[in-house]
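Numbering (UniProt numbering), first residue to last: 1 to 203. Where a beta carbon is used, it is the ideal one built from N, C-alpha and C, also for glycine. Reading through the structure tokens given below for one structure.
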């Protein structure tokens, strides 16, 4: 079954209401470069354990219409690596190194919520539950999957601060080949976040 990146569902808490214990890879993505009449941009949410980072993709990646943006976003293959001083965003055929604090925002599930619920369900898992006819049972009839709007903590932290917080509990394992022309991260291990959702917005 083909994995499809899911648009972010905004509930009362402003976050997805599906939970899981793990996450999956996504499919290829081809972005159009910015031109004058491209008015729609997007942000992507990435997940690692109880952590989430939402990244606003810079202006170089824009689309002419909302439909084009949604179509491209649903078929993305994109991931993020959090290093001590910056975040690497890896596309299928491109990458960017983010240092601008205004382009990303970290949040994390509260410890008691993560212990009880795990992380969010991926779109593929939601599709599998739908095929089995058990999505309603899993999501609606289990206290484990019912958010109350207070499950996340917003974190006003930089990539450097987030890296230090992650390292207190987990070990970084991901390295970029040759540092991707960035001497600051050559040989440095980072934390690998996988794609979870997208949001399209008019610029």
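Asked                                                                                                                        : Found
Residues of its chain near residue 182, where Cβ-Cβ distance is below 7 Å and the 5 sequence neighbours each way are ignored : 97
Helix, strand or coil at residue 196 according to DSSP, with G and I counted as helix                                        : strand
Cβ-Cβ distance between residue 170 and residue 95 below 8 Å                                                                  : no
Sub-8 Å separation of residue 40 and residue 202 beta-carbons                                                                : yes
Inter-stretch contact (C-beta, 8 Å, three-pair minimum) for the stretch 183-190 and the stretch 72-92                        : yes
Buried or exposed by the 16-neighbour rule on C-beta atoms within 10 Å, applied to residue 76                                : buried
Per-residue burial, residue 208 [other beta carbons within 10 Å of its own, 16 or more giving buried]                        : The first residue shown for the chain is 1 and the last is 203, placing residue 208 beyond what the model contains.
Endpoints, alpha helix (DSSP H) assigned at residue 166                                                                      : 159-167
Neighbour-count burial assignment, residue 57, 16 or more Cβ in a 10 Å radius                                                : buried
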